[in-house]
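Peer 1:
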Amino acid sequence: MRHNSTLRDQHLLLRSSNEETASREKPNVAKGTGLLSRLRPNRKKQAEQQAKRNVQKMPELEDYLHKRDYAGAISLLEFSQKDGESQETTALWLGFCYFRAGDFKKASDVYENMLTKKNGGPEVGVYLGCCLFFLGMYTEARVAAEKAPKSFLQNRLLFHVAHKLNDEKRLMTHHQQLGDSLEDQLSLASIHFMRMHYNEAVSTYKNILTTSPSLIALNFYMAMCYYKMDYYEVAQDVLAVFLKVFPDSPAALNLKACITYKAYTGKSVVTETEQLLRTNLYPAARDLIRHNLVVFKNGDGALQVLPSLMDTFPEARLNMILYYLKKGLIQEAMSLCNDLEPQLPYEFLIKATTFTFWGLQKDSKDHLRTAEQFFQMVGESSAECDTIPGRQSMASTYFLQQKFDEVLLYMNSIKEYHQQDDLFSLNFAQALLMAKQYKEAEEEFLKVTVIFNKKPHFAWDLFVKTSDQKDALGLMRVIAHDCYKVGEYYYAAKAYDQLEKADPSPENWQGKRGATAGLFHHLARGKCTPEQMHEVLLLVETSHHPHAEFLASVIRKWAKNHNIKLE
1 MRHNSTLRDQ
11 HLLLRSSNEE
21 TASREKPNVA
31 KGTGLLSRLR
41 PNRKKQAEQQ
51 AKRNVQKMPE
61 LEDYLHKRDY
71 AGAISLLEFS
81 QKDGESQETT
91 ALWLGFCYFR
101 AGDFKKASDV
111 YENMLTKKNG
121 GPEVGVYLGC
131 CLFFLGMYTE
141 ARVAAEKAPK
151 SFLQNRLLFH
161 VAHKLNDEKR
171 LMTHHQQLGD
181 SLEDQLSLAS
191 IHFMRMHYNE
201 AVSTYKNILT
211 TSPSLIALNF
221 YMAMCYYKMD
231 YYEVAQDVLA
241 VFLKVFPDSP
251 AALNLKACIT
261 YKAYTGKSVV
271 TETEQLLRTN
281 LYPAARDLIR
291 HNLVVFKNGD
301 GALQVLPSLM
311 DTFPEARLNM
321 ILYYLKKGLI
331 QEAMSLCNDL
341 EPQLPYEFLI
351 KATTFTFWGL
361 QKDSKDHLRT
371 AEQFFQMVGE
381 SSAECDTIPG
391 RQSMASTYFL
401 QQKFDEVLLY
411 MNSIKEYHQQ
421 DDLFSLNFAQ
431 ALLMAKQYKE
441 AEEEFLKVTV
451 IFNKKPHFAW
461 DLFVKTSDQK
471 DALGLMRVIA
481 HDCYKVGEYY
491 YAAKAYDQLE
501 KADPSPENWQ
511 GKRGATAGLF
521 HHLARGKCTP
531 EQMHEVLLLV
541 ETSHHPHAEF
551 LASVIRKWAK
561 NHNIKLE
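The sequence shown lines up with residues 1 to 567 when you count with full-length UniProt numbering.
#1: What span of residues does the alpha helix (DSSP H) with residue 239 cover, start to end?
#2: Throw me the rounded Cβ distance for the residue 155 and residue 177 pair, which I believe falls under 8 Å.
#3: Return the first residue and the last residue of the alpha helix (DSSP H) that residue 530 is part of.
#4: Go ahead and label residue 479 buried or exposed: buried means 16 or more other beta carbons lie within 10 angstroms of its beta carbon, across all protein chains shown.
#5: Quick one: grab the DSSP three-state call for residue 274.
#6: Please determine if the stretch 369-386 and the stretch 350-357 are in contact, where contact requires at least 3 C-beta pairs separated by less than 8 Å.
#7: Quick one: Cα of residue 498 to Cα of residue 476, how far?
#8: Do you know offhand how far residue 310's Cα is from residue 340's?
#9: Can the beta-carbon of residue 431 be found less than 7 Å from the beta-carbon of residue 409?
#10: Once you ignore the five residues that flank residue 568 on each side, which residues in its own chain have a CB closer than 7 Å to its CB?
#11: Tell me which residue opens and which closes the alpha helix (DSSP H) that residue 289 is part of.
#12: The alpha helix (DSSP H) with residue 317 in it runs from where to where?
#13: With DSSP collapsed to three states, give me the class of residue 422.
#14: My assumption, with CB atoms under 8 Å, is that residue 189 sits in contact with residue 204. Please give the rounded CB distance.
#15: Can you list, in chain order, the stretches of the alpha helix (DSSP H) that have 4 or more residues and sit fully within the stretch 326-376?
#16: As a quick exercise: from 531, 551, 546 and 544, pick the residue whose alpha carbon is nearest that of residue 564.
#17: Can you look up residue 562 in the DSSP assignment and give me helix, strand or coil?
#18: CB-CB under 7 Å to residue 145, same chain, minus the five flanking residues each way: which ones, in chain order?
#19: Taking only three categories from DSSP, how would you classify residue 228?
#20: Measuring only the C-alpha atoms, how far is residue 457 from residue 322?
#21: Are the stretch 216-230 and the stretch 238-257 in contact at 8 Å, needing three or more beta carbon pairs?
#22: Going by CA-CA distance only, name the one from 438, 459, 262 and 440 that's closest to residue 447.
#23: Going by C-alpha distance, which of 502, 512, 439 and 348 is nearest residue 490?
#24: Report yes if the C-beta distance between residue 406 and residue 398 is below 7 Å; otherwise report no.
#25: Going by the CB atoms, is the gap between residue 235 and residue 251 shorter than 7 Å?
#26: Where does residue 492 fall in DSSP's three states?
#27: Could you check the C-alpha separation between residue 160 and residue 357 for me, to the nearest Å?
#28: To the nearest angstrom, how far is it from the Cα of residue 334 to the Cα of residue 378?
#29: On the three-state DSSP scale, how would you describe residue 567?
#30: Can you have a look at residue 202 and say buried or exposed, based on whether 16 or more other CB atoms are within 10 angstroms of its CB?
#31: Just reading off the alpha helix (DSSP H) that residue 210 is part of, what are its end residues?
#32: The alpha helix (DSSP H) that contains residue 109, what's its start and end?
#33: Might you give, ordered along the chain, the residues of its own chain that have their beta carbon closer than 7 Å to the beta carbon of residue 515, omitting 5 neighbours on each side?
#34: Compare the beta carbon distance of residue 164 and residue 138 with 7 Å and say whether it is the shorter of the two.
#35: Buried or exposed: where does residue 502 fall if 16 or more other Cβ atoms within 10 Å of its Cβ makes it buried?
Next comes the structure, spelled out in structure tokens:
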């Protein structure tokens, strides 16, 4: 909510009156009649001036607003009310500060009281409507706003209300009444964002930045759009522009953590997020970051955090459902799903998945049919049909219809993106089995089973026998990842060595180095043979990484001191 004209005028009046008061308080300079009178110091006056400088200046409303210290501003305004200052002006500022502080209920109380007393002018109805909008009372917000005279702010509010109430006719009416002003264009961009028209939102923000490059916050909004489109590197670069100016922004730091979690790993962001929670955050930001920390920790703490946030963040309910599904608590997940009215693709997918579990558990054809319809809606939608989730959705649709040739068609199209996904391999193997492609099904089942059954050599033999280079590389990623995960460091090191030869990236070297260190630990405890350690050291020493020689020399020196021959 931007400063409206009334509040902005009050702001200027306040500042002007302060300047006049300050000018009246300036000490008069004594006019001497001669040289001595001009040069002789007036010690008494100097002492008075020093005393005035030593008296701490009482903060004024403008000081608090400049620092965005709305709690301080509210305290000052409430004190002014008790002191009998202008009730109308003070009430307008008080409502504004409550709104900016996120206390929409108290702000609405202020405006309702003003309307009851017929103070503040007719535009107060629009301010009340803004508060009701943020309280989720959309119909009430529309009623309040429509009682006020027409204005640009009223049109923007009714534009957003129409979106929330899914009133397409009113939405288009208010869309046509938008102008080229900064506020109207920002309002339009936000609607684009909420309707998942992210490219249109980015285009609007870029147009604004060409004429107003000082609006740094638009980089944050663009980063949000790129994040939603899965362009994580672009989102990171754009967000960096904002963080350079506002490095302590909780919203930006939270978005940065989300990008890192999606693009790389959740482990690296847990510590940063926990540190962020220890800073001074406003309540809404704290709740958001607490919610995301549960996600970063793979559901750890879900029962303690998420239930209280379900009425505030829709994602909290969705993540609670996913938590119950992972724990096998289908009844609890189904109970939460009953109150879920899906609007977005991932909401349809979560409800479809829950209905699938429930339908299989209870042998309910109705639930399975509904799940099938939800999967198909997402898979055939224009926004998702060519995405990985969209193709997975179509594969799920045909899986429930038992049309396994079609399942394989969709799964093969996204197979390369799931080389380290055991669940994908398991589903793929089942589809191959049902399509009577037994040899290929066996290979997919082996990817999942042999490593976790302490038989990594079978997986390695499967790699050796694979003639297709693309399939071999995919299998190597599975072996490297899963062997490392279960502590089979000998085969993990060999697999990462193969990956490093194909792609000498830092990640593959780090995997190879970690597996080598793990095998060294096994050697010290007698859990691997010197021959295995020697073979892996040869692989390390052929690496071009600057730390390779040091790592090998440390292990060889230790082996020599303990009379272990690595030859």
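Each residue gets a CB set at the ideal place from its N, CA and C atoms; glycine is no exception.
Peer 2: Per the coordinate set shown:
#1: 232-245
#2: 5 Å
#3: Element bounds for residue 530: 530-541.
#4: With 16 or more other Cβ atoms within 10 Å, it is buried.
#5: helix
#6: yes
#7: 7 Å
#8: 11 Å
#9: Not in contact: residue 431 and residue 409 (Cβ atoms no closer than 7 Å).
#10: Because the chain is modelled from 1 through 567, residue 568 falls outside the range shown and cannot be assessed.
#11: 283-296 is the span of the alpha helix (DSSP H), which, as asked, contains residue 289.
#12: 314-326
#13: When secondary structure is reduced to three states using DSSP, residue 422 falls in the helix class.
#14: 4 Å
#15: 330-337 and 345-362
#16: 531
#17: coil
#18: If the five residues before and after residue 145 are omitted, its C-beta is found closer than 7 Å to the C-beta atoms of 125, 126, 129, 154, 157 and 158, all from its own chain and listed in chain order.
#19: helix
#20: 35 Å
#21: yes
#22: 459
#23: 512
#24: yes
#25: At a Cβ-Cβ threshold of 7 Å, residue 251 and residue 235 do not count as neighbours.
#26: helix
#27: 37 Å
#28: 20 Å
#29: coil
#30: buried
#31: 198-211
#32: 104-116
#33: Excluding five sequence positions before and after residue 515, the CB atoms of its chain that fall closer than 7 Å to its own CB belong to 484, 489, 492, 493 and 496, given in chain order.
#34: yes
#35: exposed
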